[in-house]
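Novice: When you line the sequence shown up against my numbering, it's residues 1 to 155, in that order.
Yeah, the Cβ is synthetic: ideal placement off N, Cα and C, and Gly gets one too.
None of these values were measured; they are calculated from a predicted model.
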Amino acid sequence: MLFAFSSRSSVGTLPYTLNTLEDLGVSQQSGNFVATLGTSIGMNGCAGIFPAMLGILLAQATGVEMNIAFYVLLIIVVTVGSIGIAGVPGTATVAATVTLNSLGLGAYMSRIGAIFGIDPIIDMGRTMINVTGSMVSAIIVDRWEGTFDQEQFKR
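Written out as structure tokens, the structure is:
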């Protein structure tokens, strides 16, 4: 997690993630598949949580009506965004820009410039969320498959 925090890159952290999963007792087959898949389509922190929170914050700050259509569109955009975003530093800014434009809030982006200024600091935590999600998913899949080494996990 320290490397994920400092590098801000889920893809760059992948070798460490795979080694950690192996040390935790996850089979190599499950770990390689799930963790690799998670670095490309499991970007919940960067493309899911952050853009959604930013969209709601900006809508409230500008007086935009948040009805059911707003929330449904928000959910669709961030779900599709979290599937297709790259696991490299700075992609959350792109995901947030796409989300805000999709919600019709693109004209108000100048009001959140300060958030983008400190984004590298916030990105460290988001990367840890993404890597943790991939690792937890790999453990769950391995347990479902029945190949999880419980004894090695306890050590």
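1) Only counting the same chain, and skipping five residues up and downstream in sequence, which positions put a Cβ closer than 6 Å to that of residue 59?
2) Going by alpha carbons, who is nearest to residue 49 out of 142, 125, 3?
3) Compare the beta carbon distance of residue 9 and residue 94 with 8 Å and say whether it is the shorter of the two.
4) Pull up the distance between the alpha-carbon of residue 82 and that of residue 143, whole angstroms please.
5) Say whether the stretch 21 to 39 touches the stretch 131 to 148, bearing in mind that this needs 3 or more beta-carbon pairs closer than 8 Å, one atom from each stretch.
6) In whole angstroms, what separates the C-alpha of residue 21 from that of residue 78?
7) Thinking residue 129 and residue 45 are a contact (beta carbons under 8 Å), I'd like their distance in whole angstroms, please.
8) Going by beta-carbon coordinates alone, are residue 18 and residue 4 separated by less than 8 Å?
9) Taking the straight line between their C-alpha atoms, what separation do you get for residue 147 and residue 24?
10) So the alpha helix (DSSP H) residue 130 belongs to, where does it begin and stop?
Specialist: Short version:
1) For the purposes of this step, residue 59 is taken as the residue at position 59 of the sequence shown. Closer than 6 Å at Cβ, skipping near neighbours: 66.
2) Locating residue 49 in the sequence shown gives position 49, where the first residue counts as 1. The candidate whose alpha carbon is nearest that of residue 49 is 125.
3) One-based indexing of the sequence shown puts residue 9 at position 9. One-based indexing of the sequence shown puts residue 94 at position 94. For residue 9 and residue 94, no; Cβs fall outside 8 Å.
4) Residue numbering aside, residue 82 sits at position 82 when the sequence shown is read from its first letter. Residue numbering aside, residue 143 sits at position 143 when the sequence shown is read from its first letter. Here the C-alpha atom of residue 82 lies approximately 25 Å from the C-alpha atom of residue 143.
5) Under the three-pair Cβ rule at 8 Å, the stretch 21 to 39 counts as touching the stretch 131 to 148.
6) As a first step, residue 21 is located in the sequence shown; it is residue number 21 there, counting from the start. As a first step, residue 78 is located in the sequence shown; it is residue number 78 there, counting from the start. Spanning the two alpha carbons is a distance of roughly 28 Å.
7) Position 129 of the sequence shown, counting from 1, holds the residue named residue 129. Position 45 of the sequence shown, counting from 1, holds the residue named residue 45. About 3 Å separates the Cβ atoms of residue 129 and residue 45, confirming a contact at the 8 Å cut-off.
8) In the sequence shown, counting from the first residue as 1, residue 18 sits at position 18. In the sequence shown, counting from the first residue as 1, residue 4 sits at position 4. Contact flag unset, no.
9) As a working mapping, residue 147 is identified with position 147 in the sequence shown. As a working mapping, residue 24 is identified with position 24 in the sequence shown. Take the alpha-carbon of residue 147 and the one of residue 24: they are about 12 Å apart.
10) Start at 1 with the first residue of the sequence shown, and residue 130 comes out as number 130. Judged by DSSP secondary structure, residue 130 falls within the alpha helix (DSSP H) whose first and last residues are 119 to 145.
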